[in-house]
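What follows is a set of notes on a single structure, which appears directly below.
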């Protein structure tokens, strides 16, 4: 056969055989099988190898297949480029006007944000002062220290001691025989 195997093409392009099969279908070709080995035509193999750097550069497989199909002899990797604003940018009055317009818009937004932040800060300070005033109005007045004095509960006056006027031998005798007579009674 004049083509290459699918595995060889995939290895040359640095991709998997499944990706090579998918890319071949995007290019409009189909691998032919002989036994257990799939073969690609030489033209299809060359297209797949050319598509690999384009896809690595950021193109989708579909876009790379379309590029290779349109210009197979001039297929090149197109690098995405971005115009830079600055001293190295080309003198394009339209671009310079757009950049100047964006700069002015950003300055206006910055001024608006700063003014808004100042207004918010003033509102917060005003509300904090109002809260302090309300707090002092709502709090009870400070309590004066209360001077406490000791209060003694009422007790009856003690009665006279019955053993006070008795001789010692009588106190001893009564404590053994009749201790009730030694108690303090109001009526005794």
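Numbering (the numbering used here), first residue to last: 1319 to 1506.
The C-beta atom is built at its ideal place from N, Cα and C for all residues, glycine as well.
Next on the checklist: Classify residue 1322: buried if its beta carbon has 16 or more other beta carbons within 10 angstroms, exposed otherwise.
Outcome noted: Against the chain shown, residue 1322 aligns to sequence position 4. Residue 1322 is buried by the Cβ-count criterion.
Next on the checklist: Under 7 Å, Cβ to Cβ, is there at least one residue of chain D near residue 1340?
Outcome noted: Chain labels in this structure do not include chain D; a single protein chain is all it has.
Item to check | Strand pairing of residue 1355, partner residues [DSSP] | outcome: Here the question's residue 1355 lines up with position 37 in the chain shown. The partner list for residue 1355 (beta bridge, DSSP) reads 1352.
Checklist entry - Does the Cβ-Cβ distance between residue 1338 and residue 1366 come in under 7 Å? => result On the chain shown, position 20 is the one that residue 1338 refers to. On the chain shown, position 48 is the one that residue 1366 refers to. Contact flag set, yes.
Item to check | Three-state secondary structure (DSSP) of residue 1380 | outcome: For the purposes of this step, residue 1380 is taken as the residue at position 62 of the chain shown. In this structure, DSSP gives residue 1380 a helical state, which the three-state scheme calls helix.
Checklist entry - Going by other Cβ atoms of all chains shown within 10 Å of its Cβ, with 16 needed for buried, is residue 1334 buried or exposed? => result On the chain shown, position 16 is the one that residue 1334 refers to. An exposed status is given to residue 1334, since fewer than 16 other beta-carbon atoms sit within 10 Å of its beta-carbon.
Next on the checklist: the ligand NAP and residue 1419: does the residue's C-beta get closer than 6 Å to at least one heavy atom of that ligand?
Outcome noted: Inclusion of the ligand NAP in the displayed structure is not the case, the ligand content being empty and no account of it being possible.
Checklist entry - Going by DSSP, which residues form a beta bridge with residue 1323? => result Position 5 of the chain shown, counted from the first residue, corresponds to residue 1323. Secondary-structure assignment with DSSP links residue 1323 through a beta bridge to 1357.
Checklist entry - According to the Cβ coordinates, are residue 1360 and residue 1349 closer than 7 Å? => result To locate residue 1360, count along the chain shown from 1; it is residue 42. To locate residue 1349, count along the chain shown from 1; it is residue 31. No, Cβ-Cβ distance for residue 1360 and residue 1349 is not below 7 Å.
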